[in-house]
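Peer 1: Residue numbers (my numbering), protein chains in the order written: chain L, 1040 to 1490; chain A, 1040 to 1490.
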């Protein structure tokens, strides 16, 4: 029998991140200053980001060296295993080979720590003492809390209110690492107060929480802002996932036919897919790249491709991306990390130009596949990651139908041990699909900035 | 810099468990039938255990081969990493080298899966369709639920009521794997009803829950009973931890000066310590073996060495061990898995004969070390495991005091991601030490069976 886990040694861990901007046939159109609507300059970003990350944001170098201090912390959990889902294959009676890269081995429980650590590192190096951020499901907030703690920095997290209520364990975990956690919308910022005035019962959204965190950071000299997804440098850091996966496949002389990841802001998808996209763009390798999103928030499958704000208050630069409109308020699905109106400009470009595909699923089907995976492989997946599992299951069943062997890779971005109340809801038969709010989407798209 | 994680490949994973009964200078006195008070026969155990496990219970063979079906499932997470706690060493400013074996990588989140899998396997092989068990903190219940699910068996778990209430996420997790979970004491068994009649507010204890599960299993032909600790075969299965650790130390040409583990029923301590005890007994190797328990339930440090029941109702065989008396009711500390009145006869013998030491700590000091560890190494430990961390911290500070290099190994038996409410209590300053109930202990020891 072949191995269950394909392991790299610490010495085999990649020492540079892959920058897809070096290889993209069409680069995303540049971010615009929200006031002047002209391309932003590094000076525009300097009040909230350190210079090294601003440089990475626009770099066209193919490889960016990972600092030794970051590698040291990566070694706490990396390289992460590439696992063969033997028992899932058997349950599906499929000729397909299913592999998953497991990022839940990080002490934060998800891939988010891959970028939290370098972000904290570069901020620390440039004299910053405190970071403000937002979090949806809490995965990002936990990761940044850990990273700030590793470097002895303070951390304030604006947590989307619906997740703050549904996921108290993630809040606790951030507090274990010493962070201050605030339910968003809050009364601490003018962005939060505005939302609460219009709708005191607002469940919040990533867009609102981003406005609050940016406002916090812009108002204090010792504080910077940090984002867990969407931006180029975030996706850059996450490419360590796909780079390791390629090395692991090389060890067993295999290459995937399809690479699957759930997609909220895009860092998880970009992280595993970009190193394979390199092969596809540069060498013409045949590999399908599949981004999976929730029907309730279908940015790539139903969004508009154009400029929009990254947040609700219009404080961020205008990004060129797929968007549902920054005022779109998705329903409170359990995959809180996928409730974002926008999408990484790099992932948007990749999908728009036909290098990657996107698909959207309803949450009950997603939970069904999540529970099947847990019972086969043991690991309880995060509801976000279950979107990728569901797509992998569909691919495997499709391969059975077609009588084809097929090698499927998906990224298991995190475990769901802090999402167990959502499993209770599912197992009790009380989980409902959350169809797209068509009216809300229509209204939101009409509000897109006119350029 | 030296590696952070010492890794074994799947091929390097041990293929046999180590049976310390082959090497102990003094074997424990035999278990007695509770009715006749004569040594039990295999027939006495057959109604609730499969033959293969009864054989392992009394085997004097040094090595017991691990079945291929069990190895296959072990490979989902094993071999587990041996990690160097570089950052903790730095925080303590100690010349000591601190290593921990991390069993929280199992999908059940603890070492308990190491024995749950073979127990389910042997039961299945002998035609059993359903297993009844008890659980304290929920670690064992989760593990057996997973194991039964892997082999397509039903599982009913009697969960100590105080944990059922404090740890709802562990209950949810057992249900994800398809188990039925019942708060103990329950009205479903006569043992449970008796306790509830005397004290309707009883928080429960492992002793009571064992009575309930044994009664359940004895009453149904298709059902066996399964225990997560204490018995010889359970500790046998756990020796894979120490066997792997020895191989990992050999890879870096190192050997520990002290091996530390928390100790409830003894399977975690036995699992890591027995393979080192082998070296100590057979080769005279100098290595200290240290068992750590809570002051609130100090079985090894304050218990009586003699025969006692394993449960409250007196349904189990009389075991020769350290015991606080089966009627001892420890306070509801957060380390629910260490609230057991008795102790593995093998571990008891090892401590009694001077091959191992024991020490007891209060829970606030234990949580302090747990949070320190989480902030240094990232992983939030289970409150049980934090007892071992606290002892390791004390060893490391002691080494600093003495100006000695010292190699410390402890078993990080599980993560605490499902124990976060106890961290909330600690961080809010509301965690109290739970001193030993001296009166309760005195009374309980007076009730010990007279032989």
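C-beta atoms are modelled at their ideal positions from N, C-alpha and C, and glycine is treated no differently.
Go ahead and label residue 1282(L) buried or exposed: buried means 16 or more other beta carbons lie within 10 angstroms of its beta carbon, across all protein chains shown.
Peer 2: In the first chain, counting from the first residue as 1, residue 1282(L) sits at position 243. Burial call: buried.
Peer 1: Got a sec, what are the start and stop residues for the alpha helix (DSSP H) residue 1292(A) sits in?
Peer 2: As a working note, residue 1292(A) is residue 253 in the second chain. Here residue 1292(A) belongs to no alpha helix (DSSP H), and DSSP marks it neither H nor E.
Peer 1: Residue 1439(L): which of 1167(L), 1328(L), 1134(L), 1078(L) sits nearest, CA to CA?
Peer 2: For this step, residue 1439(L) is matched to residue 400 along the first chain. It is 1134(L).
Peer 1: Can you give me the C-alpha to C-alpha distance between residue 1226(L) and residue 1248(L), rounded to a whole angstrom?
Peer 2: The residue you call residue 1226(L) lines up with position 187 of the first chain. The residue you call residue 1248(L) lines up with position 209 of the first chain. Their Cα atoms are separated by approximately 12 angstroms.
Peer 1: For residue 1127(L), I'd like the list of residues in its chain whose CB is within less than 7 angstroms of its CB, leaving aside the five on either flank, ordered along the chain.
Peer 2: Taking the first residue of the first chain as position 1, residue 1127(L) is located at position 88. Excluding sequence neighbours, residue 1127(L) sits near 1137, 1412, 1415, 1416.
Peer 1: Over the uninterrupted alpha helix (DSSP H) stretch that includes residue 1210(L), give me the two end residues.
Peer 2: One-based indexing of the first chain puts residue 1210(L) at position 171. Where residue 1210(L) is concerned, the enclosing alpha helix (DSSP H) stretches over 1207-1215.
Peer 1: Across the segment 1469-1487 of chain L and the segment 1092-1104 of chain A, are there enough close Cβ pairs to call them in contact, namely three or more that are closer than 8 angstroms?
Peer 2: No, because fewer than three Cβ pairs between the segment 1469-1487 of chain L and the segment 1092-1104 of chain A fall closer than 8 angstroms, the two stretches do not touch.
Peer 1: Report yes if the CB atom of residue 1056(A) is closer than 8 angstroms to the CB atom of residue 1278(A), and no otherwise.
Peer 2: In the second chain, counting from the first residue as 1, residue 1056(A) sits at position 17. In the second chain, counting from the first residue as 1, residue 1278(A) sits at position 239. The answer is yes: Cβ separation under 8 angstroms.
Peer 1: Return yes when the Cβ of residue 1206(A) is within less than 8 angstroms of the Cβ of residue 1176(A), no when it is not.
Peer 2: Counting from one through the second chain, the residue named residue 1176(A) turns up at place 137. Counting from one through the second chain, the residue named residue 1206(A) turns up at place 167. Against a cut-off of 8 angstroms, the Cβ pair of residue 1206(A) and residue 1176(A) comes out as a contact.
Peer 1: Checking the sheet assignment: what are the DSSP bridge partners for residue 1173(L)?
Peer 2: Mapped onto the first chain, residue 1173(L) falls at position 134. Per DSSP, 1197(L).
Peer 1: List the residues of chain A that residue 1049(L) touches, going by C-beta distances under 9 angstroms, in chain order.
Peer 2: One-based indexing of the first chain puts residue 1049(L) at position 10. Near residue 1049(L) (Cβ distances below 9 angstroms), the residues of chain A are 1042, 1043, 1044, 1046.
Peer 1: What residue range is occupied by the uninterrupted alpha helix (DSSP H) comprising residue 1460(L)?
Peer 2: Within the first chain, residue 1460(L) is the residue found at index 421, counting from 1. Residues 1459-1466.
Peer 1: Under 8 angstroms, Cβ to Cβ, is there at least one residue of chain A near residue 1416(L)?
Peer 2: Taking the first residue of the first chain as position 1, residue 1416(L) is located at position 377. Residue 1416(L) counts as touching chain A.
Peer 1: Just grab the DSSP bridge partners of residue 1358(A) for me.
Peer 2: Within the second chain, the letter at position 319 stands for residue 1358(A). In the DSSP output, where bridge partners are listed per residue, residue 1358(A) has 1347(A).
Peer 1: Taking residue 1062(A) as the reference, which of 1316(A), 1406(A), 1443(A) has the closest Cα?
Peer 2: The sequence position of residue 1062(A) within the second chain is 23, counting from 1. Looking at the Cα atoms, 1316(A) is the closest of the given residues.
Peer 1: Output yes or no for whether 8 angstroms exceeds the beta carbon distance between residue 1465(A) and residue 1429(A).
Peer 2: The residue labelled residue 1465(A) in the question sits at position 426 within the second chain. The residue labelled residue 1429(A) in the question sits at position 390 within the second chain. No, these two residues do not count as a Cβ contact at 8 angstroms.
Peer 1: Kindly give me the distance between the Cβ atoms of residue 1409(L) and residue 1149(L), rounded to whole angstroms, as I take these residues to be in contact under 8 angstroms.
Peer 2: Within the first chain, numbered from 1, the residue matching residue 1409(L) stands at position 370. Within the first chain, numbered from 1, the residue matching residue 1149(L) stands at position 110. Between residue 1149(L) and residue 1409(L) the Cβ distance is about 15 angstroms, and since that is not below 8 angstroms, they are no contact.
Peer 1: Please classify residue 1334(L) as buried or exposed, where buried requires at least 16 other C-beta atoms within 10 Å of its C-beta.
Peer 2: Position 295 of the first chain holds residue 1334(L). That one is buried.
Peer 1: Here's a check: name, in chain order, each residue in its chain whose Cβ is nearer than 6 angstroms to the Cβ of residue 1217(A), leaving out the five neighbours to either side.
Peer 2: Here residue 1217(A) refers to the residue found at position 178 of the second chain. For residue 1217(A), where only same-chain residues beyond five positions count, the Cβ hits under 6 angstroms are 1188.
Peer 1: Pick helix, strand or coil for residue 1238(A), following the three-state DSSP scheme.
Peer 2: Locating residue 1238(A) in the second chain gives position 199, counting from the first residue. Correct three-state label for residue 1238(A): coil.
Peer 1: Which chain A residues are close to residue 1114(L), counting only those with a beta carbon under 8 angstroms from its beta carbon?
Peer 2: Position 75 of the first chain, counting from 1, holds the residue named residue 1114(L). Result: 1042, 1043, 1044.
Peer 1: For residue 1066(L), which residues in the same chain have their Cβ closer than 8 angstroms to its Cβ, ignoring the five residues on either side in sequence?
Peer 2: Taking the first residue of the first chain as position 1, residue 1066(L) is located at position 27. So the qualifying residues of the chain are 1060, 1388.
Peer 1: May I ask you to list, following chain order, the residues of the segment 1264-1296 of chain L that have a beta carbon less than 9 angstroms from some beta carbon of chain A?
Peer 2: From the segment 1264-1296 of chain L, no residue has a Cβ closer than 9 angstroms to chain A.
Peer 1: In the DSSP assignment, the beta strand (DSSP E) including residue 1264(A) goes from what residue to what residue?
Peer 2: Here residue 1264(A) is taken as the residue at index 225 of the second chain, counted from 1. 1262-1264 is the span of the beta strand (DSSP E), which, as asked, contains residue 1264(A).
Peer 1: For residue 1392(A), is the classification buried or exposed, using 16 other Cβ atoms within 10 angstroms of its Cβ as the cut-off for buried?
Peer 2: Counting from 1 along the second chain, the entry for residue 1392(A) is found at position 353. Residue 1392(A) comes out exposed.
Peer 1: If the cut is a Cβ gap below 9 angstroms, which residues of chain D does residue 1239(L) touch?
Peer 2: Reference to chain D is not applicable here, since the protein chains of this structure are L and A.
Peer 1: What residues in its chain sit with their C-beta under 6 angstroms from that of residue 1250(L), if we drop five residues either side in the sequence?
Peer 2: Within the first chain, residue 1250(L) is the residue found at index 211, counting from 1. These residues qualify, in order along the chain: 1230, 1350, 1351, 1352, 1354.
Peer 1: Closest to residue 1190(L) by C-alpha separation, out of 1172(A), 1170(A), 1130(A), 1143(A), would be which residue?
Peer 2: In the first chain, counting from the first residue as 1, residue 1190(L) sits at position 151. That would be 1130(A), whose Cα lies nearest to the Cα of residue 1190(L).
Peer 1: Is the separation between the beta-carbon of residue 1347(A) and that of residue 1446(A) shorter than 8 angstroms?
Peer 2: Taking the first residue of the second chain as position 1, residue 1347(A) is located at position 308. Taking the first residue of the second chain as position 1, residue 1446(A) is located at position 407. Taking 8 angstroms as the Cβ cut-off, residue 1347(A) and residue 1446(A) do not qualify as a contacting pair.
Peer 1: Does the segment 1047-1054 of chain A touch the segment 1108-1122 of chain L, meaning 3 or more C-beta pairs lie closer than 8 angstroms?
Peer 2: Contact fails: fewer than three Cβ-Cβ distances are below 8 angstroms.
Peer 1: Quickly, what does DSSP pair residue 1454(L) with across the bridge? List them, please.
Peer 2: As a first step, residue 1454(L) must be located in the first chain, where it is residue number 415. In DSSP, residue 1454(L) forms a bridge with 1420(L).
Peer 1: Between which residues of its own chain and residue 1290(A) is the CB-CB distance below 7 angstroms, once the five residues before and five after are set aside?
Peer 2: By 1-based counting over the second chain, the position of residue 1290(A) is 251. So the qualifying residues of the chain are 1045.
Peer 1: Looking only at its chain, what residues have a beta carbon closer than 6 angstroms to the beta carbon of residue 993(A), apart from the 5 residues adjacent to it on each side?
Peer 2: What is shown of chain A runs 1040 to 1490, which leaves residue 993(A) out entirely.
Peer 1: Could you compute how far the alpha carbon of residue 1245(L) sits from the alpha carbon of residue 1174(L)?
Peer 2: Translated into positions along the first chain, residue 1245(L) becomes position 206. Translated into positions along the first chain, residue 1174(L) becomes position 135. So the two alpha carbons sit approximately 7 angstroms from each other.
Peer 1: Which ranges does the beta strand (DSSP E) cover as unbroken runs of at least 3 residues, wholly within the segment 1256-1343 of chain A, from first to last along the chain?
Peer 2: Runs found: 1262-1264, 1297-1301, 1327-1333.
Peer 1: Quick check on the DSSP output: the alpha helix (DSSP H) that includes residue 1147(L) runs from which residue to which?
Peer 2: Here residue 1147(L) refers to the residue found at position 108 of the first chain. Counting along the chain, residue 1147(L) falls outside any alpha helix (DSSP H), and DSSP gives it neither H nor E.
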